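Below: one structure, written as C-alpha cells.
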Amino acid sequence: MILADLAFAAGAGLIGGAMNALAGGGTFATMPTLIALGLPSPIANATSNVALQPGAMASAWAYRDGLQPLSGLSIRLLTGITFAGGVAGSLLLVATPTRVFDVVIPWLLLLATVALAFGKRGAAALADRISIGPKTLIGAQALLGIYGGYFGGGVGLMMTATWGLLSGAEPHRLAAPRTLMLATANAAATIIFVATGMVRWLLCLPMLAGAVAGGYLGARLGRVLPPAVIRVWTLLVTAITTAVFFWRAYG
Numbered sequence: 000m001i002l003a004d005l006a007f008a009a010g011a012g013l014i015g016g017a018m019n020a021l022a023g024g025g026t027f028a029t030m031p032t033l034i035a036l037g038l039p040s041p042i043a044n045a046t047s048n049v050a051l052q053p054g055a056m057a058s059a060w061a062y063r064d065g066l067q068p069l070s071g072l073s074i075r076l077l078t079g080i081t082f083a084g085g086v087a088g089s090l091l092l093v094a095t096p097t098r099v100f101d102v103v104i105p106w107l108l109l110l111a112t113v114a115l116a117f118g119k120r121g122a123a124a125l126a127d128r129i130s131i132g133p134k135t136l137i138g139a140q141a142l143l144g145i146y147g148g149y150f151g152g153g154v155g156l157m158m159t160a161t162w163g164l165l166s167g168a169e170p171h172r173l174a175a176p177r178t179l180m181l182a183t184a185n186a187a188a189t190i191i192f193v194a195t196g197m198v199r200w201l202l203c204l205p206m207l208a209g210a211v212a213g214g215y216l217g218a219r220l221g222r223v224l225p226p227a228v229i230r231v232w233t234l235l236v237t238a239i240t241t242a243v244f245f246w247r248a249y250g
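Under numbering that gives the first Met the number 0, the first residue of the sequence shown is numbered 0, with each subsequent residue one higher.
Here is the structure:
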C-alpha cells in the first residue's frame, strides 16, 4: 500500500505540474489526491503547495526578462507585499481547524474555478470601463498574497484580472510578474509550512518529482495541443473537483 500511495502521489504531481504549465490549476489535481490518501485537508493543502513550489520557481526564472513595473509600482515592492501576504495567509491556514477548512475549501475551489473560466474575459470587460490607481493596487496585491498563502488555487488568473483592471496592462504583458508573484507567495507559504511541520514528506517528495516532470511535459504539450482542448480539460477537472468537495462538505 505504501508503494501504491507513493505512485499515486507521483502521478498526481505529474498531472498537477502539467496543468500548471498548460493553464494553471495544478492544485486541483494534487490536493484532492493527498486528501484521498488520508491527509487532513489543511495538511494536504500545505503539502501540495510545497510539492508544486520548484515548478513555480523554475517558471519565474524563465520569465525573468519580462519583468517590468506595474502602474508605477516596482517589482521589488510588489514582491515584498506578496511575500508578506503569503506569510499571513499561510499562518492563517496553520491556525485553521480541519473542520473549518473542510467547510471553507469548496468555496475557495469555486472561486478558483470561476477565475479560470471567466478571469480573462472579466478583466478585459472591466478594464474597458474602470481604471484604478497604484494605492488600490497595493491593497489588492496584499489580499492576493494572503489568498495565495492560504490556498492559492486560481490566484494566477485572479492576479491577471486584477492587474488588468487596476493598471490597464495587457494580459500578455503580465505573464512575467504574475509568475514571479505566484512563486513568491508559494515560497512564503513553503517556509511557514515547513517550519510548522505541516508537510508530509513521504508523499510530498514523489509528488514534487512528478510535478517537475509534469511541468516539462506540459510545456511540450502546450506547443502542440489546441488552446480549446487545454481549456476544456482544465475546466473539466476544476469543475468536477469543486463539485466533489461541495458534496464532501455539505452532502
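Ideal placement from N, C-alpha and C gives every residue a C-beta, glycine not left out.
Everything numeric in this text was worked out from a predicted model, so none of it was measured.
Under the 8 Å Cβ criterion, the segment 95-111 does not count as touching the segment 199-218, having fewer than three qualifying pairs.
Distance from Ala87 to Ile145 at the Cβ level is roughly 5 Å; contact confirmed, criterion being Cβ atoms closer than 8 Å. Around the beta carbon of Gly71, fewer than 16 other beta carbons lie within 10 angstroms, which makes this residue exposed. Not a single unbroken stretch of the beta strand (DSSP E) spanning 3 or more residues falls wholly within the segment 177-215.
Looking at Arg247, Phe245, Trp232 and Val243, the one whose alpha-carbon comes closest to that of Gly23 is Trp232. In this structure, the straight-line span from the alpha carbon of Gly147 to that of Ala50 is close to 15 Å.
A residue is called buried when at least 16 other Cβ atoms come within 10 angstroms of its Cβ; Ile1 does not meet this threshold and is exposed. Judged by their CB atoms, Thr81 and Thr161 are not nearer to each other than the 8 Å cut-off.
Under DSSP, Leu72 forms a beta bridge with Leu69.
The segment 26-92 is shown to contain whole alpha helix (DSSP H) runs of 4 or more residues at 26-35 and 40-61, in chain order. Its Cα nearest to that of Gly65, the residue Leu173 stands out among Gln52, Tyr249, Leu173 and Ser47.
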